[in-house]
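Chains as they are written, first to last, in my numbering: chain A, 36 to 316; chain B, 36 to 316; chain C, 36 to 316; chain D, 36 to 316; chain E, 36 to 316; chain F, 36 to 316. To keep things clear, I will list the structure first and then write my remarks on it.
Below, the structure is given as structure tokens:
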């Protein structure tokens, strides 16, 4: 697999069985993103989604300073601002091009949500703007005590459009807080993030949060992949629909999934007090 | 009413006016469930839903050890595993039969949600798997300090399909935590359950949580049943729909409900500083 | 603007640039509401929504005792009860009239949610019934330590129909708590409100909470209005719809909004370390 | 099967392999319905839904005069009107009881829609009121040339509440016509019904429409039941949801259904130019 | 009522009991619309919606040439084009103002759909652009043989935004035809309009279509207003939602509406073979 | 553009300004599809969607016999059946792989619906199975008199899963007919297709239908591309959502689109009685 994927801006390692570790690897620029990077992110998560050997994924940022400081504003503003002074001055046509661009960018980040395997994001240091878009598309959010978060977009004159505004109200059950941080762009820390439920756990340092994430990933990877991938898919579906539509989708999903041999494998190993092994998927 | 309902696996008592107490009564097996039990649960809650004398319901588990340890895996696996080796080997046909079975099982637990009367669930000890399906279908969740919760299903190789995955994201506003406990099947305790909002209150012991539940039930039962049942129904409707659809449904509902004599009864007794009495419903 | 708006039951002041402060001004009656007041509230928020000079709004209640004690039951019951004994005794016709009345009342309070400018509500003292309807329609909820909240409606024999039941499950991520306070009508205080996420912050006194609200309003008002109003609109849209519909709406919205000069203004002032100025909107 | 079902107001026959024929059997009263009849209808369709030998169902009315003249108004009005003069005079409580009653009645008719097997309804003569509720819940609508249809409810002072108003706009693509016939209660004939798409085909006589319905039922019954029941379920789901939700549900459904042996059976018999046989389901 | 409403661009008459006839009255300009007109339309339909004496409404255009030729492009383009050359050149700010303008315009036309009383639109001659927006918001569409329809907007460089694109796919069950006429802006005649179901009936002349519309209005106005207004409301609700949500809303609606005395009035007059009289609503 | 796209199974020509003609080019196999073909279809429509020179697209099939006879069952069954006898016998794992496969296949066909430019499909001869999936994803459907349609899937033991079941109920307003043809797999001809609204027009021969499609495409291509692409997008959005959500999305869309210079270009050329020219998009 490493041969087929040769990422330039990310490190991919396999620190334990069935677990992939994806690291944003542009530490000298605070792991800030430009277009080639989110396209690569897209490729990586699409690939891991179907990799039979991978059952859980950790996503973190290289270097001591930042998970990611967000959009590389200099690179982005070149794109955005330069397109300003070209001959294209019809606002409707420009809107079409911007919409295509936003849609494509959104789609890259949504690859994390669509990925069949659970994604645990381990954040530290600056985790601004795009960091929150990425984090809300992941399944479990963890952070180091030094993490500095901000829904930064209003500070550069725009509404966050890569996912934060659509997902944050659904991952944090405190809509007033969501409004407040999104409208003010103020920085908030690890403790506040945990209190409102944006992150599940806070760790002492970057090393510890990555270690913690790998442990959760390892735990999840030890379970039946049929059960795990179904659980992720059904939870994401149900979050956005009525309980009735959730129940019906679940019944159709499990009508196939319950036929897995993993159920008897799990039951048997439960009786025999040993760790079950599951076929690759 | 007790004559018409002769439950075998549940105790039903009426400890105070307008309050029913339903107790899962299979303490020797940790109150674990098999099919006859959820069918009976269905019958009980359908019955209480229309019982004029009942205005609030407490649900708890008999014995000191468990609210319920979930599915009686031995009983269930006999069903599931035995159907494996019968002549029925077409996976599509098997899927049809499984879907019917899941739908019917879901429908039994949903009787708690559909029940017109508010249901307060008082949990203690082992509260695993199906316990969480049942608890999320109830209105208010309370527990004793010793309660051990787990969304246990991935441990037996399947995605929880009786309601937990559809309802848990809607009752707890911390989607990362929901994902984490559902994907890892790890045990969590009373304090964690309260911190994330899965339970509203933690009590010292099983006795105290049942007492606390009966008190809340008693308080609710002292209110206008027209107001209480409308509040439950509208809240469940609104949870799953847009604010606009919520407001419109509410206006139609209350166009009948506001014609109740309970409003003047309540207003009058408010002025006269006495407890109002409301007609049965 | 003050000339065009001459509210009778509200004070409107402009304590700082781009910030309006709306105060419910019927302190001698605990700021309780009757019909003329919610009609006036509607007019005020529709007006401020389009006022170019206003970028954030604080809503509070005059006097030391109450944000608002809710519906002026005496006034309301005269309406409600008197309509009881008129010649109109067909329950269906009465239902039509009640539905029109409820819809119109809902629409007045929804003006706060529809208002393009963020609304920070600063509560103190009695904040009962309608207070919660109003607060859930606002964007950010703050309160003083002495605030006494209650979803009071079941106590007067009715299901809250002006917005609480439709919005509370969406602003607070603890559905069991929502059910419990709505079904029991019990009073809860500032600390509990903060713990469950109903309010974001608790302040020592009424003066402090109003000051705190004005500070948040001032901070928001210093940002690009294009970014701020877009953020409010997209968050409200996304709360009620699937992530996919949220992302698509966002891409269409920003296809126009990203063409604002505020982006380059914000980026430039960021580089130049000075406060940006944004055109009125 | 015939032994377990002993319907009183319906005839059930099995005129050809895998086809059930349900006949409303109260010809002396124009097949008009009272409560015991729709409860029986419910039982019958739930039963046939799971009968392995049944793959398609025809529903028609006994006697020369009517498919059904609708509600037996005399019987219904006794219920309705008598409940008027009982001691129960609180309109809100009465509304609760009416809602329970309507919900239960709706649920009986919806059994036709929920039935896994396709239902072809063959109408003739008077097909009024409830006839339209029943017909819209079926899959295919056929009629004789003499059929007289009406959405009759406004003529007895009420809005049709057993399904017509919810389903007619979804089965007929002419919303103006739907409005017109529902608002005016006017009678329309077979030709008009076909022109607007309410019925698919018109036959010369009652005998011919029943024969035509049995032929379509026979054709459907000769196909793979896995394919047929999936097609019905997915079409009903998709009608009510976005194309995206339709596609996703379909992919989950077929992930099990495509594993059927019916595919190779069908392909093989196609090559061998013979009629395939499919296992019971 | 005529005293309180003094429309300038519309005639309102009451040609028969319970029927209002609204006529667009700017025949010298082909009844084309400018802003003051749609604001007046809004006022008129809001007023008629609550007028107790009115039970059905006919909408037609004065003069022999046109129902309405649509937007008065000259007037509109002055607005649109003039706002082009003002100092406001930030496309995002301009987008905000345009959105407010579109929303307000949409809301005026939606008053026809929201109006509690059924609206029958009688079209003749040129019925272009806004004519289709208006017609799709009405309940029943009729036309004269000479009517010339077009979804004209693409011909002036814009997507129809006042309702045609949102409603036409829901009132006509031929999505390919909807796409074709909306994308090509081609003219279509009365016969084609009837064939695809856009209009229900075609009449020989303007006089005849108005007469025909008044007859349908008269028929509807002779029914129970409780039944008629409920039928309109439930049909509009159900069109946009799942069958399940339609059924539930209907059950809540009718829990009040079935308590009307109109049911016994209708039943009694049915037995006595005389025309029922219903109380005003 | 022709250089960048080198399709193997399709011809792409540009018969007139702004119009692309895509032809399925496997006439010797009745234009039946295998996987490489739908992947190529995906690439082509994604490409044309963003090609500035293309404003409308015609899709037809090469050769005299068929638009497409559907899936190349031989090729497909090799895939499907061969995967049967591999070592992978866990039905749940197989379901995962099938779901990925179906999703990817659906996504290829949905490229036609997502394509910004209107797609007119011109069908003739055999148009079976996948032909209907493709046709329902297009905007306008035309056919020759000799066309033979069938929703063929139940005949090979499966429910159509590439779009027909999700889209057919939304493009044809006759749900009974949709059910009947999907459940029976019977062949229907051009005339029936037109009568129910599945195709808009029937032409004498293949040559004529292609010519007719090119004419409609030419007409659409002569309009403002800003108006045309907006119309397609808003119609597809609105079809699947409530009128309210349709109106709001439209207002946001047009807040950018109305700023186009195409409006003044169109108005001016209207006044000057000449054909407008629009900038590429």
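For every residue, glycine included, the Cβ atom is placed at its ideal position computed from N, Cα and C.
Judged by their CB atoms, residue 269 of chain D and residue 172 of chain F are not nearer to each other than the 8 angstroms cut-off. Counting only the Cα atoms, residue 256 of chain F lies some 18 angstroms from residue 292 of chain F. Within the segment 279-294 of chain D, those residues whose Cβ lies closer than 7 angstroms to any Cβ of chain A are, in chain order, 284, 287, 288, 290 and 291. The C-alpha of residue 263 of chain B is placed about 13 angstroms away from the C-alpha of residue 128 of chain D. Around the beta-carbon of residue 141 of chain F, 16 or more other beta-carbon atoms lie within 10 Å, marking it buried. Where residue 229 of chain A is concerned, the enclosing alpha helix (DSSP H) starts and stops at 225-231.
Boundaries of the alpha helix (DSSP H) around residue 169 of chain E: 165-172.
When C-beta distances to chain C are compared with 8 angstroms, the residues of the segment 176-194 of chain A below that value are 188, 189, 190, 191, 192, 193 and 194, in chain order. When the alpha-carbon of residue 131 of chain C is set against those of E:87, E:49, E:232 and E:228, the nearest one is in E:87. Between residue 247 of chain A and residue 159 of chain B, the alpha-carbon positions lie close to 30 angstroms from each other.
Contacts with chain A (Cβ-Cβ distance below 8 angstroms) from the segment 208-238 of chain B involve 208, 209, 210, 211, 212, 213, 214, 215, 217, 218, 219, 220, 221, 231 and 232, listed in chain order.
Within chain F, no C-beta atom comes less than 7 angstroms from the C-beta of residue 311 of chain B; the nearest is roughly 40 angstroms away. Listed in chain order, the beta strand (DSSP E) elements of length 3 or more contained wholly in the segment 39-92 of chain D are 45-51 and 54-59.
Here the C-alpha atom of residue 54 of chain B lies approximately 16 angstroms from the C-alpha atom of residue 45 of chain B. Under a criterion of Cβ atoms nearer than 9 angstroms, no residue of chain B is adjacent to residue 262 of chain C; the nearest Cβ is some 23 angstroms distant. In the DSSP annotation of this structure, residue 156 of chain C is not part of any alpha helix (DSSP H); the continuous beta strand (DSSP E) holding it starts and ends at 154-158. Among the CB atoms of chain C, none fall inside 8 angstroms of the CB of residue 307 of chain A. Residues of the segment 142-153 of chain D with a C-beta atom less than 8 angstroms from some C-beta of chain F are 153, listed in chain order. DSSP, read as helix, strand or coil, puts residue 106 of chain B in strand. Under the three-state reduction of DSSP output, residue 211 of chain B falls in the helix class. Beta-bridge analysis with DSSP links residue 307 of chain A to no other residue. In this structure, DSSP gives residue 239 of chain E a state outside helix and strand, which the three-state scheme calls coil. The C-beta separation of residue 93 of chain A from residue 249 of chain A comes to about 6 angstroms, placing the pair in contact by the 8 angstroms criterion.
In the DSSP annotation of this structure, residue 143 of chain F is not part of any beta strand (DSSP E); the continuous alpha helix (DSSP H) holding it starts and ends at 126-149. In the DSSP annotation of this structure, the continuous segment of the alpha helix (DSSP H) that includes residue 283 of chain D starts and ends at 278-292.
In the DSSP annotation of this structure, the continuous segment of the beta strand (DSSP E) that includes residue 179 of chain A starts and ends at 175-179.
Residues 59, 66, 102 and 103 of the same chain have their beta carbon placed closer than 6 angstroms to that of residue 96 of chain D, with the five preceding and five following residues left out of the count. Residue nearest to residue 84 of chain B within the set B:175, B:213, B:210 and B:145 is B:145 (criterion: CA-CA distance). For residue 69 of chain C, the CB contacts under 6 angstroms within the same chain, skipping 5 residues up- and downstream, are 107 and 110 in chain order. Sixteen is the threshold: when 16 or more other Cβ atoms of the shown chains lie within 10 Å of the Cβ of residue 219 of chain E, as they do, the residue is buried. Under the Cβ distance rule, residue 205 of chain D counts among the residues neighbouring chain E, one pair being separated by less than 8 angstroms.
Contact check for residue 244 of chain E against residue 165 of chain E fails: the beta carbons are separated by 8 angstroms or more. Any Cβ of chain B closer than 8 angstroms to the Cβ of residue 201 of chain C would place that residue at the interface, and such an atom is present. Taken through DSSP and simplified to helix, strand or coil, residue 96 of chain D comes out as strand. Residue 179 of chain E and residue 225 of chain E do touch by the CB rule: their CB atoms are close to 7 angstroms apart, below 8 angstroms.
In the three-state DSSP reduction, residue 162 of chain E falls in the strand class (E or B).
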